[in-house]
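Protein chains in written order, with the working numbering: chain D, 11 to 407; chain U, 11 to 407; chain W, 11 to 407; chain C, 11 to 407. Don't be surprised by glycine CBs; every beta carbon is placed ideally from N, CA and C. On a predicted model such as this, the values are computed, not experimentally measured, just so you know.
Here it is as structure tokens:
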């Protein structure tokens, strides 16, 4: 059983608390910090905490506090993490880790030097569907991974600070792209190095300084390619989809808008339907169990089990740092319009990989390009002559 | 924190254990009973129980046992329940409660006389999608409920005793229909009396004495109708779908085969995909989180919270008894080919309801039948003259 | 190229005309009859006919008329058919053929005596998806058919006469059930005799004399079972789904509400979306090509090709008669609450079938019940001992 | 009624012929040219043509030929078009128009100088779903279009020449990207100028010289962005999906793999299921009506109607030329890794557009960023102060 200090009492802090205190759980938020006393107090009451405070260090330093959960705006992460280091408290931090790789690197080095448990709360690599899909990818069901895409788009975040580039550090790339980058990186392999990034970003709709729509490509050292699609201009709810292509298979994940629960109502219903849903009449697609389906339960279970067992969780500050480095390259690319290298001063995975050759031999003289049955019933192969390079077709049946 | 004695170590017992010991949970199975020593021992080891036994009463009577979880074949439920009454242990029982209403009634009366906590483990009214849908129904999003259907079909159960009519007490109606009946009854209203049942059942494929396919209709006192479709002959996996129609809306739930995770694989994968999946190549549709998506987590959380709070869970032996009474009528109807009344000696809901009248007034002289826009752009109403009963059409725009 | 006299200028007549005059077609509606001059005239103009009339016989008797297309209310079919017989014109009639089997039988006998081409316009066995599915069923992809279900529900028909039991002859069973009965009958086999029907019907919502919701089961001589679900009370659009179960497979068809085109709009759109859609904001699911997707194109192509080739179309008045006979039994059953026999004075399919035995031999002493892989990796078979009837489980790997 | 000379007798020629001779159509292929006599002869027999030839000019020049349909490998388009110009025959050509913009431009100038009817056979902007979606986009249902994406991936083409870069002119960008580029261009507006292209392309799997996987972005003058995803390495069938985002809505189209027909079979079926399907057991997703669902029927109907009416079809050689120009930029970008300008010597749309400003005024002092209901029931607005640029949150209810 772990006692938690929660920093921040906003939208994400409440989602975390719902999960932490959820189904028969052992763990307990004992104190909550918020910049606004009123908000801190309401949170304390809503979640039955023992106390609240508007002094961040007080919340962290409490003798009975086992772990600090940071649910603050991006610009406050670093200060909070440094206080955790000072007081030697285990720390878990919402995403993104920093506003940029420089911040993230300082945090990473600090927690490692302090020797404290550090967890990066990237919930979307803990959704039940991701976990199931990832298990299949690891088991080789998809063969060699060629491409992984992750998309998160919705009509924009709930809190004001997201829209302020100083506090947030960026727009939808930082807010949503951090998810997509870690999801696709995990499918491709966390030990494979992200090499360079091409990114388009624009402010198409909202009266803000940051981007509200972006598409990016991330090239990995082994030739695999990752893609992110993020936006705060999407209409229709929260679109949260991943796709993976491998040489032996394909995976499609829909985490939110089409999950097997469909409701039509003429509109007499007035209840809250789902995070970022845009209407409460007509066809609606609520998810059954937001807390679980968005990965919070599996994420916190793994984090706390690791804390107890003294092991490292799947997502640490190191992962947060790698993600920030990719994001930095994306922002740079959006400006320079060039493929920008990913700057990784710290890299703990494989190096020096090259794109493997994957020729499939058909016979002594030919490589196989494709085998197929046409709609005229013919079975044929398309071959490449090894010597001449000529493409040939051969009906075999 | 509750200490549990598990009776039974088979398929369902293991599902229960996975959930009971799941995500950071407080509760613990301390002892397990099985008729076969080997099975009991393996279960003990797999789930880290303190002990095992082949003596059912010993398992139940343990001084440290707070609650007994019955995961036994249907024909053993009653004996186990009676022992729980004798030793005054809280008891939760897998579905169906009895093989018939007579058994169920004896169990119900016994636990109530003994004054012990009793929970009926009908997991499918605790699936995240059901809970979300049910909330909308209660909030009136669908208006008055007219029809509710539940379908559970798959290629047949995993354990031998299901196929033996003596141990099981019946075929797929008892095994699967119990779910469907409680699901639809809950949507229609648990205080609305089921009145009569029409049921078709047949043994179409399997070399067994019990039915392997059945369709039934259950009429409720307020005019609503429930429908169940159950089979052990379905090909394609586990088909678990519910539908509800109300005067103001519709709900479609797909709990298993189409939930937003889709995978194509050429077949190099050899891993277990999902309960009752039939293949491991081609397009596959694994669920993310079987334990949660089948309702086990929410069910046990509610049961244990109620135990602690001294309140009654949503599903008690009384509900199990009502379901058994409906099933009895279904079996009788399948033989007599008549609508058979549901025999409910014990009924704790509303009585004497009649089908309400729901005329919608258009103007002083007319009822409204329908309002619509045709594809020629005309807006029109179809009316019924109150005095003459004549149907009239009126273009209003 | 065929010249057509259209009888009726309402909703269905216009759908037919859109198809008949559609994509590069050869055929032409040259005259149109309607009881209301204004309606006939407008139809003539909209579809570029040569003439119109309010005299039905005049329309039929025209020397240049090759074929008569009946798109009239149900109570006018018989008179129109008799005039076609008198004038020896090929006739194609909308569904249902008659208001009951007696009417249908008279029409069937009359067209056969007159020796005229007769087609029954059951478009839903001509939808592209039905045709594709049916081809697979015929090829044996599903093995022996066990169950076929068809569902058609929507918020009620467009024209006033449907709501008037005298003109329509019934409610949603006659209007929609006729589709479902022919769809399921075709999947099971048109030469297999429908034996008896159990039907529930009620007027749950609308202020009308006919039923607005009904569920029915039709038993076939070979043990297969058909199911129809029809309603005028459904909310959410036009729900048009079929399902088939066979010993080797399963088919699910969604003809209308989920076909791969999904649109979210905040509501600035004001255009007609699809037949029987209920809203024009939020998530909408228009079909791409109503005329084709509802089967009209393939149906008329087959009808006119058969006329030219002197062959019989797949759907003749005989099929319409069989459907009416099943409907008669359904109406009777709804009143008597009994399984009612289907009265078929004329039957041209197989007779005397019994339910086949389908035991699968495992070895000399056992039948196979089921083979499976559990989630513990065990491969096992469940067997029935031929001699003792005992159920046994055997782990084989 | 039109008489057609078909050039080419391969996969696409047969698809075209099935459509041209399909449902009750007036038009007729009277002659067919193929380089291989055997293939020409078989085509003639299969489609009941009057004659065949291995001399291309002979096929084109026939006195009775009204229109020439080019279904040849890409490298033969130009020669065929020039012969049509010489003989003043209407010409319709499969996609892509040329192997590059230079070829396309020569063909465009030639047909316009010759004054002959020219149609570009881009079927995927004629699919029923595209047509329906496009109608909604034109009606404003989605507001201003921000982004359009089209994806076409499958396991590779059927004929050998596609895999030979000399004959084909390129890999999957040319083969599949031409579809995606025209689809997205049409959604964004065919009068909006494509400005520059960023493209990633690689040969990840196949032993060929051309690319087998590519992702590209196309920037339009009004700030809208198009995206294509094309591959010959996809496993799972033919993935054909489009997505559009506008300020007021969203469209998702699935043209092939999920269209509402789902079949599970244990594998006794051996019949051809669908174009580019990869298996015939397990869960299969055949389309109902390939010919219609892939747009061929609506495309040819429009082409021939325009020929008769003397009007221009929606897709002409000019469109083919624009598409080729975008593809040229894509290939260049894949090599230079830069955003490459689209070279359009001929441009007939709008020019000089800039990204419009779309600020939404909240009150005299503020722009509206977002309005929302949180899950705590609060209704709030997020605003931007016009003077200070500061982001503010205001609870309004």
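Under 7 Å by beta carbon: chain U residues contacting residue i
i, result
"residue 307 of chain D", "33"
Rounded distance between the beta-carbons of residue j and residue i, thought under 8 Å
i, j, result
"residue 102 of chain W", "residue 17 of chain W", "Incorrect: roughly 10 Å between the Cβ atoms, too far for contact."
"residue 351 of chain W", "residue 205 of chain W", "7 Å"
"residue 198 of chain C", "residue 236 of chain C", "6 Å"
"residue 215 of chain C", "residue 191 of chain C", "Not quite, the Cβ-Cβ distance comes to about 23 Å (not below 8 Å), so this is no contact."
"residue 390 of chain C", "residue 406 of chain C", "6 Å"
"residue 120 of chain D", "residue 147 of chain D", "With a Cβ gap of about 33 Å, residue 120 of chain D and residue 147 of chain D do not count as contacting."
Rounded straight-line distance, which links the Cα of residue j to that of residue i
i, j, result
"residue 212 of chain D", "residue 231 of chain D", "28 Å"
"residue 168 of chain C", "residue 187 of chain C", "17 Å"
"residue 14 of chain U", "residue 308 of chain D", "24 Å"
"residue 160 of chain D", "residue 333 of chain D", "14 Å"
"residue 29 of chain C", "residue 220 of chain D", "50 Å"
"residue 302 of chain D", "residue 12 of chain U", "23 Å"
"residue 149 of chain W", "residue 183 of chain U", "32 Å"
"residue 318 of chain U", "residue 22 of chain D", "30 Å"
"residue 202 of chain W", "residue 362 of chain W", "10 Å"
"residue 136 of chain W", "residue 25 of chain C", "21 Å"
"residue 259 of chain U", "residue 392 of chain U", "21 Å"
"residue 57 of chain U", "residue 51 of chain U", "10 Å"
"residue 370 of chain W", "residue 165 of chain U", "15 Å"
Within 7 Å, strictly: CB atoms of residue i and residue j
i, j, result
"residue 244 of chain C", "residue 313 of chain D", "no"
"residue 98 of chain W", "residue 126 of chain W", "yes"
"residue 337 of chain C", "residue 143 of chain C", "no"
"residue 347 of chain W", "residue 349 of chain U", "yes"
"residue 289 of chain U", "residue 292 of chain C", "yes"
"residue 153 of chain U", "residue 275 of chain U", "no"
"residue 162 of chain D", "residue 189 of chain D", "yes"
"residue 173 of chain D", "residue 218 of chain D", "yes"
"residue 100 of chain U", "residue 77 of chain U", "yes"
Classification of residue i by the beta-carbon crowding that lies within 10 angstroms, buried from 16 upward
i, result
"residue 284 of chain U", "Unreliable placement is indicated for residue 284 of chain U, whose pLDDT of 49 sits below 50; no coordinate value is reported for it."
"residue 360 of chain C", "exposed"
"residue 33 of chain D", "buried"
"residue 223 of chain C", "buried"
"residue 1 of chain D", "Look at the range of chain D in this structure, 11 to 407, and you will see that residue 1 of chain D is not part of it."
"residue 399 of chain U", "exposed"
"residue 395 of chain W", "exposed"
"residue 128 of chain U", "buried"
Where residue i meets chain C, residues with beta-carbon distance less than 7 Å
i, result
"residue 289 of chain U", "292"
Any non-hydrogen atom of the ligand ZN closer than 6 Å to residue i Cβ
i, result
"residue 209 of chain U", "What this structure holds is no ligand at all, so the ligand ZN is not there to describe."
Chain-ordered chain C contacts of residue i [CB-CB under 9 Å]
i, result
"residue 323 of chain W", "Those do not exist, as residue 323 of chain W stays about 14 Å from chain C at its closest Cβ, beyond 9 Å."
Cross-chain neighbours of residue i in chain W, by beta carbon under 7 Å
i, result
"residue 274 of chain D", "245 and 246"
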